[in-house]
Amino acid sequence: MTAPAFDAAFRDRLDLLLHWRRDVRHFRRDPVAEGAMQALFAAAALAPSVGNAQPWRFVRLRSPGLRETLAAHVDSASAAAADRLPDAARRAQYARLKLHGLREAPELLAVFSDEAPTAGHGLGRATMPEMLRYSTVMAINAMWLA
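Mapping of the sequence shown onto this note's numbering: residues 112 to 257, in sequence order.
Given below as structure tokens:
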């Protein structure tokens, strides 16, 4: 297989993509097409992973009750984090931040990293087991960029 040649225009577009990738907290509410979700999962599968272990596990959270429980938990944790800030001005500033879009996002994914996947047969992680988690991070990043 011949390695691809990435011309200047391609590199410029990639640079622009990386430049514009942001942590989104404001969402449209219309459903995400199933084909689009499958394309995102396919993009995640292209991410580099230690020993090709592909330790990432995605769970789609579709239950309204579960989604609300998660949002309430994050709200509570955010309030506790704000309470630990040293002064009132910083607490107020923190309280104004929109830290999640769990109630608005049309799709929620819980992402887990399998700490003992059978794929890859342990290659590359005997001395650096954290590489499994880094591989999962790379899969998330691939989805963000897709």
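Cβ coordinates follow ideal geometry from the N, Cα and C atoms, glycine included.
For clarity, every value in this text was computed on a predicted model and none was experimentally measured.
Residue i beta carbon near the ligand ZN (any heavy atom closer than 7 Å)
| i | result |
| --- | --- |
| D186 | Of the ligands one can find in the structure shown there are none, so the ligand ZN has no counterpart to examine. |
Cβ-Cβ separation, residue j to residue i (assumed contact under 8 Å), whole Å
| i | j | result |
| --- | --- | --- |
| F152 | F169 | 7 Å |
| A257 | A150 | 7 Å |
| L213 | Y205 | Going by Cβ atoms, the distance from L213 to Y205 rounds to 18 Å, so no, they are not a contact pair. |
Contact set for residue i: own chain, Cβ-Cβ below 6 Å, skip 5 residues either direction
| i | result |
| --- | --- |
| G233 | none |
Sequence-distant residues of the same chain with beta carbon closer than 8 Å to residue i, five excluded per side
| i | result |
| --- | --- |
| D194 | R202 |
| P217 | F138, R139, R140, D141, P142, V143 |
| V185 | L210, H211, L213 |
Exposure of residue i, with buried meaning 16 or more beta-carbon neighbours within 10 Å
| i | result |
| --- | --- |
| Q165 | buried |
| S174 | exposed |
| S187 | exposed |
| P115 | exposed |
| R236 | buried |
| P228 | buried |
| Y131 | Per the sequence presented here, residue 131 reads as Trp, with Tyr not at that position. That one is exposed. |
Residue i vs residue j beta-carbon contact at 8 Å
| i | j | result |
| --- | --- | --- |
| S224 | T247 | yes |
| M242 | V161 | yes |
| L157 | A221 | no |
| L219 | R178 | yes |
| A265 | A250 | The structure shown does not extend to residue 265, since the chain spans only 112 to 257, so no value can be given for it. |
| A119 | N163 | no |
Contact with chain B by residue i, beta-carbon distance below 8 Å
| i | result |
| --- | --- |
| R168 | Given the protein chain composition of this structure (a single chain), no chain B is represented. |
Contacting residues, own chain, Cβ-Cβ under 7 Å from residue i (five flanking each side not counted)
| i | result |
| --- | --- |
| E215 | F138, R140 |
| R244 | S224 |
| S189 | L210 |
Worksheet item: What runs of the beta strand (DSSP E), each 3 residues or longer, lie entirely inside the region 140-192?
Response: The region 140-192 is shown to contain whole beta strand (DSSP E) runs of 3 or more residues at 167-171, in chain order.
Discussion item. Runs of 4 residues minimum, wholly inside the region 192-253: which ones carry the alpha helix (DSSP H) assignment?
Written reply: 199-207
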